[in-house]
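Engineer: Take the sequence shown: its letter number 256 is residue 257 in this note's numbering, and every next letter is one higher. Structure in C-alpha cells, see below.
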Amino acid sequence: STKQRNNTKRPRVCSDLAPAAHALQSLQYQGLLEKLMVSTLSTVPSCVFLYVNGTMLFSLRSKPVFCGTPRYVLLYNLLFADTVQLALSQVMYILAVCRVKLLYPVCGFLILLTHLTSGMSPLTLVLMSLERYVAVCYPLRHTTIITIRNTAVAITAVWAVSSLNNLTRLLLSFPFQKLGILQVKDLCSNIAVMLGSVSREYDEAFTCVVFVSAGVAITSSYISVAAAARSASADKTSARKARNTLLLHLVQLGLSLSSTIYNPLLIALSRTVTRIVIVRIQNVFYVCFVILPRCLSSLIYGLRDQRIRPVLIYHLCCRLRLVKGSSQRPS
C-alpha cells in the first residue's frame, strides 16, 4: 500500500515542478532571444558604417588631390583612427556577448589598441582646427606653413603622444609578474585591466588634460576665425566655411568626449540598479556613446565636402553613378 501511495505522489510532484521548469525555460529563451536581438541591432550598424568608413578611406586615397592636400591627409588620419576603434570595439563587444574570457596579455593588447586610437581623435581635431585657422587668418602663408611634410610631422607627433600614453598606462596597470598565466576574472574591458587606483587616476588625468586642451584650442581657433570674418580684408565666404568647419570640429570633439564617460556612467549606475538592467543600459550606451561617434565622421566630413562627396557616393554605389543622363566618373 505504501508503494502505491508513493507512486501516486510522484506524478503530483512532477506536475508541481513542471510550471517552474517551464517558466525557467521561458526566461532562458527570452534572455537568449533578447541577446540575439540586441547583438543584431548593434552589430549591423557597426558593419554598415565599417563599410562606409572603409569606402571613405579608399576614396581619400583614390585621387592625387586628396593625397597631396594636408586637410585631407589629416581627415584620413582621423577617419582611420575612428575606423580601427570601431572595429576593435565591435570585436570586444562580440567577445563579451559570447562570454569569452581572455588572458591579460590578449585583453591588454586589445585595450591598448583601443586607447591608442581614441587618444588620436581629439589631437587630430586640434591639428585640423589649426589648419583652418592658418588658412583664414594667414592666407598668404598657408601654403608655406601647412605643407605635406609639416603635416606628416604633426601626425607622427600625434601617434607618438598617444603611444607614450599607452606605454605609461601599460607600466602602471599590467601584471607583469604573472604574464601569460593570469586570466581576466570578468569580461575584457578597461575596468578589468586597470588593477590599481594609480592607473585609473592617471587615465582620468590624461583624458581631462587632452580634452580640455583640445576644447580650448578649437574654441580659440573659432573665435579668431569669427573675428577675421568681420574684418573688411578677409574672404567672407572662406571665413564662413572655416567657421562652420570649426563648429563641426567642436561637435566631433564632444562626440569623442562622450565615449570617455561610458565607463564612469556604468559604474555609477551599477550601484543602484540590478545586473540585468545594467546589461541593457550598457547595450544602449554602447550604441550611443561608442558606435555613433565613430560612425559620424565620414558623414559629417564626407557628405559636406564638395570634392569628397561625389567620389564617396561613386564608390558607395559600387562604381555605378546614379545621376540622370551621365555615366562619367567624378573628377
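Every residue gets a Cβ at the ideal spot worked out from N, C-alpha and C, and that includes glycine.
Go through its chain and collect everything with a Cβ distance to Leu-297's Cβ below 8 Å, but skip five positions before and after it.
Structural biologist: For the purposes of this step, residue 297 is identified with residue 296 of the sequence shown, where counting begins at 1. Around Leu-297: Gln-253, Leu-256.
Engineer: For Leu-87 and Phe-290, what's the separation of their Cα atoms in angstroms?
Structural biologist: Walking along the sequence shown from the start, residue 87 turns up at place 86. Walking along the sequence shown from the start, residue 290 turns up at place 289. Answer to the nearest angstrom: the Cα atoms are 11 Å apart.
Engineer: Relative to the C-alpha of Ser-212, which residue among Ala-158, Arg-241, Thr-125 is closest?
Structural biologist: As a first step, residue 212 must be located in the sequence shown, where it is residue number 211. One point to set straight first is that residue 212 is Phe, not Ser, in the sequence displayed. Among Ala-158, Arg-241, Thr-125, the Cα nearest to that of Phe-212 belongs to Thr-125.
Engineer: Do Val-135 and Ile-146 count as a contact pair if the criterion is CB distance below 8 Å?
Structural biologist: Taking the sequence shown and counting its residues from 1, one reaches residue 146 at position 145. Taking the sequence shown and counting its residues from 1, one reaches residue 135 at position 134. Yes, they are a contact pair.
Engineer: Can you list the alpha helix (DSSP H) stretches of 4 or more residues lying completely in the segment 246-301, in chain order?
Structural biologist: Counting whole runs of 4 or more residues, the segment 246-301 contains the alpha helix (DSSP H) stretches 263-271, 276-286, 293-298.
Engineer: What three-state label does DSSP hand Leu-104 in the structure shown?
Structural biologist: Here residue 104 refers to the residue found at position 103 of the sequence shown. Strand, per DSSP.
Engineer: Between the beta-carbon of Leu-61 and the beta-carbon of Phe-67, is there less than 8 Å?
Structural biologist: Position 60 of the sequence shown, counted from the first residue, corresponds to residue 61. Position 66 of the sequence shown, counted from the first residue, corresponds to residue 67. Against a cut-off of 8 Å, the Cβ pair of Phe-67 and Leu-61 comes out as a contact.
Engineer: Can you tell me whether Ser-190 is helix, strand or coil according to DSSP?
Structural biologist: Position 189 of the sequence shown holds residue 190. Ser-190: coil per DSSP, three-state reduction.
Engineer: Does Thr-56 come out as helix, strand or coil in the three-state DSSP assignment?
Structural biologist: Position 55 of the sequence shown, counting from 1, holds the residue named residue 56. The answer is helix: DSSP assigns Thr-56 an H, G or I state.
Engineer: How far does the alpha helix (DSSP H) with Ser-1 in it extend, from its first residue to its last?
Structural biologist: Past the boundaries of the shown model lies residue 1; the chain is included only from 2 to 332, so the question cannot be answered.
Engineer: If I measure Cβ to Cβ from Pro-46 and keep anything under 8 Å in the same chain, skipping five residues before and after, which residues do I get?
Structural biologist: Within the sequence shown, residue 46 is the residue found at index 45, counting from 1. Result list for Pro-46: Val-288, Ile-292, Cys-296, in chain order.
Engineer: Quick one: Cα of Met-93 to Cα of Leu-34, how far?
Structural biologist: Counted from its first residue, the sequence shown places residue 93 at position 92. Counted from its first residue, the sequence shown places residue 34 at position 33. Distance between the alpha carbons of Met-93 and Leu-34: 20 Å.
Engineer: Taking 8 Å as the cut-off, does the segment 304-314 touch the segment 265-283 (at least 3 CB pairs, one atom from each stretch)?
Structural biologist: As far as the Cβ criterion goes, the segment 265-283 does not touch the segment 304-314, which means the pair count is below three.
Engineer: Could you tell me which of Gly-69, Gly-109, Leu-114, Ser-119 sits nearest to Leu-173, measuring between CA atoms?
Structural biologist: Taking the sequence shown and counting its residues from 1, the one referred to as residue 173 is at position 172. For the residues Gly-69, Gly-109, Leu-114, Ser-119, the minimum Cα distance to Leu-173 belongs to Gly-109.
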